[in-house]
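Residue numbers (this note's numbering), protein chains in the order written: chain B, 100 to 609; chain P, 100 to 609.
See below:
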């Protein structure tokens, strides 16, 4: 096909014409209008070339001191900041997120902050868990895996972007080349970020294949890539269907694959907390559930409470606030379709719509702020369907008959990134807290008290992970440096290896 | 079926009649004669009952101080020692291994040593990597996963036994109940060990379902178990076919699965080392390759060297020693069949037999000590087939045309547990060492210098792991406490959780 009008792909240090088998453009979700630029869907030849360049880059990267990785990451953060206005303008066009505060004041600083934290961790040997046993002549340490492909999600065009986000920073700082797959709903943002990465690569002299980017792949090439022998690992954030396809391909050849997929993030409000501070809880829930049009992995999608007068007042207040609040722009046509399908699935399984549930009467992609409810009996009858993720500004309330029923309801929950319990400050919920927490804790990656789950601090103590299907492996976190870097390592052991031949990190251990 | 004559299974603290769908007995591999005892192949009902009991036990175990796990592990080690003679006699009958030194003086002390090291690690919080971030109100730590099923291999009836070995010790010490699947070639040994475990459980008051054992499972029940929602993880050591079936079942539901499968453990002998100490190398290789009739995961199965006069002398000396050495008993009829099939696959792919290659003329299961050779061109043409594992006393020599060809040969190697390089003491091989090590290192879990790979020290710096297909995930090790325990944990994070509600391990972190 004619590739002259298509944006180029970034392979082996060069922006070059794709061996395209198709093309796509992004849309402005606030208007539904297509944006001008045309991006290529690559043939396998591009993927193969990227894998070859990454393999060569990895050979070189293994011989470089970690400070070179840190230099690159810091230079990249600087470069992003120097083009911040342009990047945020493009990201806003492609996602509908406001330039300020969301992009410029929150997500961009988070992104550059992650890169700089990863730079610090790149030169810190401790997270690699070096162990030396002189008596046995043994030494072991976590080493990089090889080229990592990163598939970023649609909802964080900067902080989770395949070419600039948390997975990127963790994989690169651990010593691996990254092949980024741009997200189809914000390719222009990906391109600007990749240009910054290129400038930083060139300024700091990392090998050309250390970072690369492709815009689009056919589904079969995506799974072929995930199972390619040259690849070290796969990192993916997005839908369960796409994640499971990559997982199957990687699993079949024993390739590490780290997925962050669906999560409905149960919140349990115990009766004492409700009696004590109902209107405060309404404020917190509205703010967390509708922030960013609910398009967060940790959006509180399902709320468990005990039915009755207090719950009905809470629900009524919540519905009033959902109805009055402006409904935000969704990220894409696909996000709108997914949200409506999610709501329909919940209704089909027995939930009833309290408010919203339909497309909003305004330009672009938007659904009215949606509240649904279902009783405990119904929930337990079809718990799987009633945990369908309705990604966006929709919330399901599950009303128990009595507080003692809550643990049994929670026991029906699948694995989630987070789980919250609100309990009274005066201790009257404590016995119920214990009973609920016992069941909730093993089902979530992060257990919260008296706090909504949105807001994932980049802290060394963070876990942005959890049991399947929230992720593909409950041992690892996608956020939190250095812990997130361990995903992109293998354990390497040296037995009787002559001292001068040990990696520097082990040679310097006492 | 009539279960009166069958050994009982150990479920929920009781030895009870299996809901059997079949039965089997073990054989004495030194004679080929069946042993008396009859063991049940369980129906799913037994598996289901074990899962229920394990789930209940896990609930209780999470509330116990870790010292209780340590008490059990120590009591179990003591109990094994008190019945050592009986256990080693049975294990010798079922495996053909000599009672002494192999079982009584090496494997049994290793087994009890592992249990005691795991006891120490159970009460040591450091390997759980607790992290507290007071400013963010976050704390994270590695917590147990839930019931773990352990499938042990045939070749270590004590130290890797599902009910007493390394995986068992690691899973239990990390806080998980264990459901052990006895190996069909040494069920009597499993039963004696389980009796010791039961005595220790009762003496230390761990819940009844903390350790359980089933003797036989239908294949479909094994995979159903691996994918059961109540299970925390799967640990398996054995053949690639069985391991991959369990992996597929566990992967489909995002369940952690840790496999140790096939490994041919390449050894590279560089020309300088050969010139310097050929007869010493013959001694080392014969000793490592034929020890235990070659039935070790880290048996040196494939040797790379440069062809020529020195290599021919080495080969001739090796063949003479292989022919002169007694050929040991293989573990079972299946092991003998597998070894012969492996040898045939190598021959079919172009290797020629230097010596051995056929069933040995003696009672029981045995194959003549076997040496094969193949040239570099042939190896590169069909590298996959020429890496077929011939588990037992068989060794393939690959002869390169010149030393510069070695990296390209090694680049054809699949993932392995170990890789060794022998180089001259005087430094003349150093450049070749660097070139070979660069390619070998990422393909193995443990890189050795001037040392054969058999002998896996239980050291905190050990890695008994490696890239697929040696294992299912290159981040983890099956040997080495505490590192091996991390496999059986998930990352758990507490966000704004009130201090009195934190797990003890986090509450005491500063």
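Don't be surprised by glycine CBs; every beta carbon is placed ideally from N, CA and C.
Residue i lies in the alpha helix (DSSP H); which residues open and close that run?
| i | result |
| --- | --- |
| residue 314 of chain P | Note, residue 314 of chain P: premise wrong, no alpha helix (DSSP H); not H, not E. |
| residue 216 of chain B | 207-221 |
| residue 387 of chain P | 370-389 |
| residue 340 of chain B | 339-351 |
| residue 359 of chain B | Note, residue 359 of chain B: premise wrong, no alpha helix (DSSP H); beta strand (DSSP E) at 356-359. |
| residue 472 of chain B | Residue 472 of chain B -> not in any alpha helix (DSSP H); beta strand (DSSP E) instead, spanning 469-474. |
| residue 189 of chain P | 183-194 |
Throw me the rounded Cβ distance for the residue i and residue j pair, which I believe falls under 8 angstroms.
| i | j | result |
| --- | --- | --- |
| residue 337 of chain B | residue 246 of chain B | Actually they are not in contact, since the Cβ atoms of residue 337 of chain B and residue 246 of chain B sit about 20 angstroms apart, beyond 8 angstroms. |
| residue 538 of chain P | residue 509 of chain P | 4 angstroms |
| residue 348 of chain P | residue 322 of chain P | 4 angstroms |
| residue 190 of chain B | residue 257 of chain B | 6 angstroms |
| residue 311 of chain B | residue 273 of chain B | In fact, because the Cβ distance is near 17 angstroms, the residues do not count as touching under 8 angstroms. |
| residue 557 of chain P | residue 520 of chain P | So it is not a contact: roughly 24 angstroms between Cβ atoms. |
| residue 153 of chain B | residue 221 of chain B | Not confirmed; about 18 angstroms, so no contact. |
| residue 344 of chain B | residue 494 of chain B | Not confirmed; about 29 angstroms, so no contact. |
Verify the CB distance criterion: does residue i have a CB-CB separation below 8 angstroms to chain P?
| i | result |
| --- | --- |
| residue 117 of chain B | no |
| residue 225 of chain B | no |
| residue 589 of chain B | yes |
| residue 556 of chain B | yes |
| residue 339 of chain B | no |
| residue 526 of chain B | no |
| residue 600 of chain B | yes |
| residue 548 of chain B | yes |
| residue 567 of chain B | yes |
| residue 381 of chain B | no |
| residue 564 of chain B | yes |
| residue 282 of chain B | no |
| residue 276 of chain B | no |
Could you pull the start and end residues of the beta strand (DSSP E) that residue i belongs to?
| i | result |
| --- | --- |
| residue 451 of chain P | 451-454 |
| residue 139 of chain P | 138-141 |
| residue 633 of chain B | Residue 633 of chain B falls outside the range modelled here, since chain B spans only 100 to 609, and no answer is possible. |
| residue 336 of chain B | 332-336 |
| residue 494 of chain B | 493-499 |
| residue 548 of chain P | 543-548 |
Roughly how many angstroms lie between the CA atoms of residue i and residue j, to the nearest whole one?
| i | j | result |
| --- | --- | --- |
| residue 255 of chain P | residue 206 of chain P | 8 angstroms |
| residue 499 of chain P | residue 482 of chain P | 13 angstroms |
| residue 596 of chain P | residue 551 of chain B | 12 angstroms |
| residue 360 of chain B | residue 252 of chain B | 10 angstroms |
| residue 228 of chain P | residue 421 of chain P | 48 angstroms |
| residue 612 of chain P | residue 178 of chain P | Look at the range of chain P in this structure, 100 to 609, and you will see that residue 612 of chain P is not part of it. |
| residue 250 of chain P | residue 335 of chain P | 5 angstroms |
| residue 398 of chain B | residue 384 of chain P | 60 angstroms |
| residue 192 of chain P | residue 603 of chain B | 49 angstroms |
| residue 471 of chain P | residue 554 of chain P | 24 angstroms |
| residue 266 of chain B | residue 333 of chain B | 10 angstroms |
Are the C-beta of residue i and some C-beta of chain B separated by less than 8 angstroms?
| i | result |
| --- | --- |
| residue 239 of chain P | yes |
| residue 593 of chain P | yes |
| residue 576 of chain P | yes |
| residue 90 of chain P | No statement about residue 90 of chain P is possible, as the shown extent of chain P runs from 100 to 609 and does not include it. |
| residue 271 of chain P | no |
| residue 373 of chain P | no |
| residue 561 of chain P | yes |
| residue 545 of chain P | yes |
| residue 258 of chain P | no |
| residue 572 of chain P | yes |
| residue 145 of chain P | no |
| residue 235 of chain P | yes |
Got a sec: does the ligand COA put a non-hydrogen atom nearer than 7 angstroms to the Cβ of residue i?
| i | result |
| --- | --- |
| residue 600 of chain B | Among the components of this structure there are no ligands whatsoever, and the ligand COA is therefore not found. |
Answer yes if the region 365-373 of chain P comes into contact with the region 525-541 of chain P, meaning at least three C-beta pairs across the two stretches below 8 angstroms, and no otherwise.
Judged by Cβ distances under 8 angstroms, the region 525-541 of chain P makes contact with the region 365-373 of chain P, as three or more pairs qualify.
How about the region 291-303 of chain P and the region 115-125 of chain P: do they share at least three Cβ pairs that are nearer than 8 angstroms?
no
Does the region 487-505 of chain P come close enough to the region 382-396 of chain P to have 3 or more Cβ pairs within less than 8 angstroms?
yes
Would you check if there are 3 or more beta carbon pairs closer than 8 angstroms linking the region 579-592 of chain P to the region 571-587 of chain B?
yes
I want to know whether the region 460-469 of chain B touches the region 421-431 of chain B - three or more CB-CB distances under 8 angstroms.
yes
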